[in-house]
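Peer 1: Protein chains in written order, with the working numbering: chain D, 1 to 266; chain B, 1001 to 1262; chain W, 2001 to 2252.
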Amino acid sequence: MSTAIAKLSGQGFAHHLTWLVLRVLPFVGMILLWDFASRAFDVPVLFPGPLTTWNKAVELIAEGQLQADILISLWRIAIGFVLGSLLGMTLGLMMGLSRPIADTLGPFVHTLRFIGPIAWISAVMMWFGLGETSKVILIVYTTTFVVLISTMIGVLTVHPNKLRAARVFGATGFRLFAHVTLPAALPHVLTGARLAMMNSFMTIIAAEMVAARQGLGFLIFNSRQWMEVDAIFVGMITLGLLGLLADRLMALLTRLLFRRFRPADA
Amino acid sequence: MSFIAFREVGFRYGEKEDAGNSILRGLNLEIARGTFYVLLGPSGCGKTTALNLLAGFETPRSGSVLVEGRPVQQPGMDRVVIFQGDDSLYPWLTALENVEFPLRMTGRGAAERRNRAEAWLARVGLANHAAKFPHQLSGGMKQRIQIARALVCDAPVLLMDEPFGALDAQTRTILQDELVDICAGSGATVLFITHDIAEAIILADRIGVMRAGPGSAVKDEFELDLPRPRNRGSVEFAAVYDRIQRVLGEEVQKVVMREAAA
Amino acid sequence: MRISRGVMRGSGAVLLFLVAWEIAGRTIFVPAVLPAPSAITAEGWARWLSGALQWDALMSASRLAVGFTAGSLLGAFLGLLFGAFAPVRRILEPLVQFLRFIPPIAWLTPVLIWFGIGEEGKWVLITYTTTFMVLLNTLAGFAEQHRDRMRAARVFGAGSWDIFLHVRLPATVPWILGGMRIGMGNSFQTLIVAEMLASNEGLGQLILNSRLQLSTEGMFVGIAGIAVLGILADSAFRAATRRLFHRYRLGW
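1) Taking 8 Å as the cut-off, does the segment 223 to 240 of chain D touch the segment 115 to 135 of chain D (at least 3 CB pairs, one atom from each stretch)?
2) Where DSSP assigns a beta bridge to A1005(B), which residues make up the other side?
3) Hey, would you say R1144(B) sits closer than 9 Å to L1175(B), going by beta carbons?
4) Going by C-alpha distance, which of K1219(B), A1198(B), T1048(B), G1063(B) is nearest L1162(B)?
5) What residues from chain W crowd round R23(D), counting only those whose CB sits closer than 7 Å?
6) What is the DSSP secondary structure of M1077(B), counted as helix, strand or coil?
7) Fully enclosed by the segment 2052 to 2123 of chain W, which alpha helix (DSSP H) runs are 4 residues long or longer?
8) Buried or exposed, going by whether 16 or more other CB atoms sit within 10 Å of the CB of K1016(B)?
9) In the DSSP assignment, find the unbroken beta strand (DSSP E) run with G1215(B) in it and report its ends.
10) Report yes or no: is there a C-beta of chain D within less than 9 Å of the C-beta of P1978(W)?
11) Quick check: is the beta carbon of R167(D) nearer than 9 Å to any beta carbon in chain B?
12) Run down chain W in chain order and give the residues with a C-beta less than 7 Å from the C-beta of S122(D).
13) What residue range does the alpha helix (DSSP H) around L66(D) cover?
14) When the Cβ atoms of the segment 195 to 205 of chain D are set against those of the segment 2097 to 2115 of chain W, are three or more pairs found closer than 8 Å?
15) Considering just the uninterrupted stretch of the beta strand (DSSP E) at Y1037(B), what are its terminal residues?
16) Using a beta-carbon distance cut-off of less than 8 Å, what residues from the segment 1160 to 1187 of chain B approach chain D?
17) Helix, strand or coil: how does DSSP classify E1251(B) here?
18) In terms of alpha-carbon separation, which member of A2240(W), Q2189(W), I2207(W), M2008(W) lies closest to I115(D)?
19) Looking only at its own chain, which residues have a Cβ that is under 8 Å from the Cβ of I1244(B), when we skip the five neighbours before and after it?
20) In or out: R2247(W) buried (at least 16 other Cβ within 10 Å) or exposed?
21) Looking only at C-alpha atoms, which of S2004(W), V2066(W), A2013(W), Q2054(W) sits nearest to M2184(W)?
22) List the residues of chain D that I2040(W) touches, going by C-beta distances under 7 Å, in chain order.
23) Within 9 Å of any Cβ in chain D, is that where the Cβ of A1095(B) sits?
24) Looking at the unbroken beta strand (DSSP E) that takes in F1192(B), where does it start and where does it end?
25) Applying the criterion that 16 or more other CB atoms from any shown protein chain within 10 Å of the CB defines a buried residue, is R2249(W) buried or exposed?
26) Does the Cβ-Cβ distance between P1102(B) and V1067(B) come in under 9 Å?
27) In chain D, which residues lie less than 8 Å from W1120(B) when you measure between Cβ atoms?
28) Please report the residue range of the beta strand (DSSP E) in which D176(D) lies.
29) Three Cβ pairs or more, each shorter than 8 Å: is that satisfied between the segment 149 to 156 of chain D and the segment 88 to 108 of chain D?
30) Got a sec: which bits of the segment 2177 to 2192 of chain W sit with their beta carbon under 9 Å from any beta carbon on chain D, in order along the chain?
31) Counting only Cβ-Cβ distances shorter than 7 Å, please list the residues of the segment 149 to 160 of chain D near chain B, keeping chain order.
32) Confirm, please, whether the CB-CB distance from L2214(W) to P2032(W) is below 9 Å.
33) Hey, is G243(D)'s beta-carbon within less than 9 Å of any beta-carbon in chain W?
34) Pull up the DSSP beta-bridge partners for L1024(B), would you.
35) Do R1033(B) and S1022(B) have their C-beta atoms within less than 9 Å of each other?
36) Could you tell me which residues DSSP pairs with I1207(B) in its beta bridges?
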């Protein structure tokens, strides 16, 4: 405890304070600018200022509305992301390791890559109903592609000397895969997962805007009907914060659990 | 019968045989058991290919590569390899775990693995860095990990492909002297690739100078009977250097002229 | 002409898939649930003949083109501005790093309120989407150091503006182009959703409305249209940039 205080005091403290201020200043500045712009625009219904937005947020939280929307969106993302990552990783490994499989699945992967998940929303809802399953399936769809491609690249770019060394030391077949190929490809898989998380957010918001009765996407789009731009802003800012949190969380988890595998962008 | 033999070995990439794409042609080479053999040659002369053939990473198009009379089929623990650069190390394993790797693959128990790996790490001077990851270590240290990893296998044949090529001159000198020490004790047969004449003289019992490619083979061989440890500054060293330089110099000239022409 | 084994495997798989789909579409499934490829093709052909398909495709393509062009220019400009003037970057970058987590499609709602449901709104949205991606990539490109290249330039007499123009800027070009490519993909997806929610024409609208009109074939025509447009746009972009910027050895 005393060492912590000693660290915070003196030059260290001033340095940390400056760092914090520099980080926070742009946001404070932006909020002030926002406030100024909204007053200048002077149509609070169309362009609310930060205070109005804050009040709306408080109101939504008090009603429990905001929390419910957040949880539902996050829940859908979480399940879809996990399933999609597993599927994407499996397929990516298969395609990376086996030329025949890559050739066979290739045309499908490279075509479907251009069809965004929301294009499938009508079809998916028709086949899987109007409930949670459809939303989750779309998340699985988009996550799978991103993770698949990253994984495949990871497998294909393992340096041949790593494989040769393993063969010299008696590792072939499955052991070669488990002890060398897989760990070598893991950094790419993790980078892909982080990218897929962002895509999942985009997908769920779009899906909720088009076809849901709950969730942040619904909150945002539905508020248009009542011209509640403050609610729209609340939804969007919450979205930004959640996305930021999720991204940082993933980076943290990667650093903690996968310290040995140092993702490419770490 | 020699321990290791290349008999009329030919190698090329690609299907058709034409003057340009043949890397080795009619390579004949014999290495007696326990010899430290250095293969010297200009760039592009196929010396790495020769090593890859002996390691089992490639198969010859013609001729045969034999160890104890039997043709080489696949890579194996009897012919361990130290690669150029550090791409063969596993960045997700610590130095100790990298050295333990061959022992893990051959099913040694955990305690035995650790003891042998630690012993070899100490032998190459990395005892204090056993828990570090390769990216935390210098180039020279990473090569030492490779040396330890190769030697922990106790293999009869060691194959080294320009292991010190990417290191600075001081580190290279130090590692060369250490390598001589280590190999003297182990009794292994070594094939060492380099383009550095001084390095060859420090290390070798026998030196083979290769011709410039394409379609290369051994041009000339030198038996070195200088006493060990060898002194880089001695008159005898310079004399041998000179003799080898004359032979190798011609080949290097050919490469230079060929590159200038294309 | 020798056909590689890979191409044969791929074509074989696609063929098998189409045949299986055709059979399933005719026997197992009602057309309303899963139409056969032949039915989809017929619907597509009908729409082509009537000109409806071209209209929808052209509307989507034009919106994408406008937004993509404007967004690329704006994104590159902002990126270069950030890169050239460190104070600008330091002040605005934290904001950018926060805004990137708000999916572009979320902006559709305020855009609809502020710009209405006409073309301008879609242009604004697509411009934003592309701008952001290009900006992010350009910033990433500027983060690279190239210390030795800059030092070499200084040795050979370059001032700081020269260095920006001749060392840092060329190094950023592949990043800008990469951002454009990704931005195009993102923009296309965002556009489709925007068309579903607020448009009377375009491929996105085709998909949603076909479903509402119980024409599942039409829906698939829309999906196929999206794939075709996406692939064409990406291929055209890659081919054009490979040619124009071949000095930069782009990875595609």
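The beta-carbon is built from N, C-alpha and C at its ideal position, and this holds for glycine as well.
Peer 2: This is what the structure gives:
1) Contact annotation: the segment 115 to 135 of chain D does not touch the segment 223 to 240 of chain D, with fewer than three C-beta pairs closer than 8 Å.
2) As computed with DSSP, A1005(B) is found in a beta bridge with E1030(B), L1066(B).
3) Note that the C-beta distance between R1144(B) and L1175(B) is below 9 Å.
4) Per the sequence shown, residue 1162(B) should be read as Glu rather than Leu. E1162(B) has its Cα closest to that of T1048(B), out of K1219(B), A1198(B), T1048(B), G1063(B).
5) Result: P2094.
6) The answer is coil: DSSP assigns M1077(B) none of H, G, I, E or B.
7) Counting only runs of 4 or more, we get 2052 to 2084, 2086 to 2099, 2108 to 2115.
8) It counts as exposed.
9) No beta strand (DSSP E) holds G1215(B); DSSP gives it neither H nor E.
10) Absent from the model: residue 1978(W). The displayed extent of chain W is 2001 to 2252, so no value can be given.
11) Yes, contact with chain B.
12) Identification of chain W residues near S122(D) by a Cβ-Cβ cut-off of 7 Å yields I2207, L2208, R2211, M2219, ordered along the chain.
13) Its alpha helix (DSSP H) spans residues 65 to 97.
14) Put simply, the segment 195 to 205 of chain D touches the segment 2097 to 2115 of chain W. At least three CB pairs are less than 8 Å apart.
15) In this chain, the beta strand (DSSP E) harbouring Y1037(B) covers 1036 to 1040.
16) For the segment 1160 to 1187 of chain B, which is checked against every Cβ of chain D, not one residue is closer than 8 Å.
17) Helix at E1251(B).
18) Ranked by Cα distance from I115(D), the first of A2240(W), Q2189(W), I2207(W), M2008(W) is Q2189(W).
19) Excluding sequence neighbours, I1244(B) sits near L1040, I1197, A1200, I1201, I1207, V1209, F1222.
20) Burial state of R2247(W) is exposed, judged by a 10 Å Cβ sphere holding fewer than 16 other Cβ atoms.
21) For the residues S2004(W), V2066(W), A2013(W), Q2054(W), the minimum Cα distance to M2184(W) belongs to V2066(W).
22) Contact note: I2040(W) does not reach chain D at a C-beta cutoff of 7 Å; the least C-beta distance is about 12 Å.
23) No - not a single Cβ of chain D is within 9 Å of the one on A1095(B).
24) Start and end: 1189 to 1194.
25) Counting of Cβ neighbours within 10 angstroms places R2249(W) among the exposed residues, the total staying below 16.
26) Not in contact: P1102(B) and V1067(B) (Cβ atoms no closer than 9 Å).
27) Under the 8 Å cutoff, chain D gives no residues; its nearest Cβ is about 14 Å from W1120(B).
28) Contrary to the premise, residue 176(D) reads as Leu rather than Asp in this sequence. From DSSP, L176(D) is part of no beta strand (DSSP E) but of the alpha helix (DSSP H) over 173 to 176.
29) Verdict: yes, contact present.
30) Hits within the stretch, in order: G2185, N2186, F2188, Q2189, T2190, I2192.
31) Residues H159.
32) Inspection of the sequence shows that residue 2032(W) is occupied by Ala rather than by Pro. It is a contact, given that the beta carbons lie within the stated cut-off.
33) Chain W, which has a Cβ nearer than 9 Å to the Cβ of G243(D), makes this yes.
34) Per DSSP, the beta bridge partners of L1024(B) are F1011(B), S1216(B).
35) No, the Cβ-Cβ distance between R1033(B) and S1022(B) is not below 9 Å.
36) As computed with DSSP, I1207(B) is found in a beta bridge with V1038(B), F1222(B).
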